[in-house]
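Residue numbers (this note's numbering): 1349 to 1927. Every residue, glycine too, gets a C-beta built ideally from N, C-alpha and C. Keep in mind the model is a prediction, meaning the values are calculated, not measured. Below: the structure, in structure tokens.
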Ligand code: SF4
């Protein structure tokens, strides 16, 4: 039986995502016939193809004529200017794509102009699906909530507004079915993939109801209880694989090929005798048993960077696991490090096979012993790679280790600082002291290590002054802000399902927690507080902080994409030698 794995839009087009290559590597080693497709990047290639402009023009003209007949309120002027501008802007697409995939990428003017032209094009063709909008990194089907099964059903049936329905039908369905898969697995790791994923599921099911469709990925792992409550989703898919998927998928494939007894398939939610069932105990993968990710089948030349940046991991989960707002422990229950020799094999195999030396280590935070061993091995074996990784502000991350990592080709650390106010940091249970932050940032600057800082605005009880204290700490540090590769992303606090805060809401000043009405697939809650900013005030302050950050820190390229940033830093440090 053939298995097809799909990664739906929308995701950043700078690099492939690790989920399917990790699964594919494992399944192929176990003898499974797998096809994997990054539909996200393939989809972009279709909609950014100037030869397809006729289809968009036809749709827009059709909408205009229907609008005239019905008097429907659409954005008339947008439709008219799209008709006028599409032929002109379409002529810029090839050079924009070529620039991003070639030397033009490193010329910041060309880079910006290319992204601008692509953005303009996507905005124009989106009018064919008005009011929905698709961008290079996301989508917004304005009228439908991804947190409601009702919204999802309406969106996936809306021929007029759902661009994915139109493009998938015309460009993808036939080739997916041509492989005659018995199982299609769709990975949903971000909420922007929910509507595209179910749109694809709908089309595949309509074409052949015997194909088993399973949805995997972090989003639905956080929605286990919701799946039980919203079993209407089972009219579109046959099952969900929650937590990690390697052995679960293999077992599902065996059952589909043999007795179809799903009761033994680990981590599976499915319909059993008319009722929704979850097979327990849940399993956690031994990551030393897993092979190197396999990227074969992905169209690697289509990503929008001149050099391929590949994700790899040295660990799964988070070794720290204590932050009060974080629910990573839900889909990564147990922290595990991969043996360093296996990581070195991964790097060496991927580097040779895909002719790249650029790696994004996707660890939530690389443990210090791993950082040391990994860097030592790279230095010892004189391996020429450039990489970026998540890190924590650990006291023991000293200048010696930063220097070692830098010598080993690490160009940037990505830190979750979240706040620079010690009271807030302590309440968040970040386990971070401000002196440590100051010292590590100073050491990174001295050793030429680029720094990314995530901030959270509006953590319960945080005051307006405390929120600004954090951002001002960053923005007033001229040496940091002006350092090569610096980036900073604030985000607005959200009370997410299963976050430790929910164990003791009053400790965080939370007086009331409310389920969003009509959102049967909600990933979080509304809340009220008796201290600090209200959720509404936090949103206002967040918008001011965003303005402040973007006035001082250029979004492109470092705040736009970590992969783009990695390549820019490498080039600035004289790394221009192609494989
Ligand atoms: S926020 Fe980061 S460091 Fe904290 S528990 Fe989550 S993954 Fe770990």
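Nearest-angstrom Cα separation, counted from residue j out to residue i
i, j, result
"residue 1752", "residue 1512", "46 angstroms"
"residue 1410", "residue 1898", "39 angstroms"
"residue 1902", "residue 1380", "46 angstroms"
"residue 1472", "residue 1634", "47 angstroms"
"residue 1703", "residue 1594", "26 angstroms"
"residue 1758", "residue 1389", "27 angstroms"
"residue 1926", "residue 1733", "Summary for residue 1926: the model assigns pLDDT 43, below 50, so the residue's position carries little reliability; its value from the coordinates is reported in the next sentence. Between residue 1926 and residue 1733, the C-alpha separation is close to 12 angstroms."
"residue 1565", "residue 1589", "7 angstroms"
"residue 1809", "residue 1900", "27 angstroms"
"residue 1647", "residue 1407", "28 angstroms"
"residue 1506", "residue 1584", "15 angstroms"
"residue 1828", "residue 1799", "8 angstroms"
"residue 1431", "residue 1422", "14 angstroms"
"residue 1401", "residue 1465", "15 angstroms"
"residue 1691", "residue 1721", "11 angstroms"
"residue 1497", "residue 1874", "19 angstroms"
"residue 1525", "residue 1649", "24 angstroms"
"residue 1714", "residue 1552", "39 angstroms"
"residue 1709", "residue 1354", "22 angstroms"
"residue 1405", "residue 1439", "14 angstroms"
"residue 1350", "residue 1697", "26 angstroms"
"residue 1852", "residue 1606", "47 angstroms"
"residue 1469", "residue 1567", "30 angstroms"
"residue 1911", "residue 1657", "6 angstroms"
"residue 1615", "residue 1847", "21 angstroms"
"residue 1766", "residue 1859", "23 angstroms"
"residue 1503", "residue 1632", "34 angstroms"
"residue 1592", "residue 1797", "33 angstroms"
"residue 1545", "residue 1885", "34 angstroms"
"residue 1818", "residue 1717", "29 angstroms"
"residue 1788", "residue 1821", "14 angstroms"
Helix, strand or coil at residue i [DSSP, three-state]
i, result
"residue 1675", "coil"
"residue 1838", "strand"
"residue 1772", "helix"
"residue 1927", "With a pLDDT of 38 at residue 1927, under the threshold of 50, the modelled position of this residue cannot be trusted, and the question is left open."
"residue 1509", "coil"
"residue 1714", "coil"
"residue 1380", "coil"
"residue 1785", "helix"
"residue 1532", "strand"
"residue 1320", "Residue 1320 is absent from the model: the chain starts at 1349 and stops at 1927."
"residue 1895", "helix"
"residue 1724", "helix"
"residue 1494", "coil"
"residue 1878", "coil"
"residue 1354", "strand"
"residue 1737", "strand"
Cβ separation of residue i and residue j, assumed to be a contact under 8 angstroms, to the nearest whole Å
i, j, result
"residue 1510", "residue 1547", "6 angstroms"
"residue 1659", "residue 1374", "Rounded, the Cβ-Cβ distance is 16 angstroms, inconsistent with contact."
"residue 1396", "residue 1366", "At roughly 24 angstroms, the Cβ-Cβ gap does not stay under 8 angstroms, so residue 1396 and residue 1366 are not in contact."
"residue 1761", "residue 1776", "Going by Cβ atoms, the distance from residue 1761 to residue 1776 rounds to 19 angstroms, so no, they are not a contact pair."
"residue 1532", "residue 1500", "That belief does not hold up - the Cβ atoms of residue 1532 and residue 1500 are roughly 18 angstroms apart, past 8 angstroms."
"residue 1321", "residue 1651", "The structure shown does not extend to residue 1321, since the chain is modelled only from 1349 to 1927, so the question has no answer here."
"residue 1841", "residue 1707", "Going by Cβ atoms, the distance from residue 1841 to residue 1707 rounds to 31 angstroms, so no, they are not a contact pair."
"residue 1831", "residue 1793", "6 angstroms"
"residue 1833", "residue 1906", "6 angstroms"
Return the chain-ordered ranges of every alpha helix (DSSP H) run that is complete within the segment 1549-1633 and spans a minimum of 4 residues.
Those alpha helix (DSSP H) runs which fall completely within the segment 1549-1633 and span 4+ residues are 1566-1569, 1572-1577 and 1594-1605.
Please give me, in chain order, every unbroken run of the alpha helix (DSSP H) with length at least 4 that falls completely inside the segment 1793-1876.
1812-1823 and 1826-1829
For the segment 1395-1483, which segments carrying the alpha helix (DSSP H) assignment without a break, of at least 4 residues, lie completely within its bounds, in sequence order?
1401-1418, 1424-1438, 1441-1448 and 1456-1474, all fully within the segment 1395-1483.
Could you tell me whether the segment 1531-1540 touches the segment 1353-1373, using the rule of 3 or more Cβ pairs below 8 angstroms?
Contact between the segment 1531-1540 and the segment 1353-1373 is present: 3 or more CB-CB pairs across the two stretches fall below 8 angstroms.
Given 8 angstroms, three or more beta-carbon pairs between the segment 1477-1488 and the segment 1442-1450
no
With a threshold of 8 angstroms, are at least 3 pairs of Cβ atoms found where one atom belongs to the segment 1664-1680 and the other to the segment 1777-1797?
yes
May I have a chain-ordered list of the beta strand (DSSP E) segments no shorter than 3 residues that lie completely inside the segment 1644-1712?
The segment 1644-1712 contains these whole beta strand (DSSP E) runs: 1657-1660 and 1706-1709.
Okay, do the segment 1718-1738 and the segment 1906-1922 touch, 3+ Cβ pairs below 8 angstroms being the bar?
yes
On the three-pair Cβ rule with 8 angstroms, is the segment 1613-1629 touching the segment 1575-1584?
Yes, they touch.
Quick check: the segment 1879-1896 against the segment 1864-1871, are there 3 or more CB pairs under 8 angstroms?
no
Segment contact, 8 angstroms Cβ cut-off, at least three pairs: the segment 1484-1497 with the segment 1515-1523:
no
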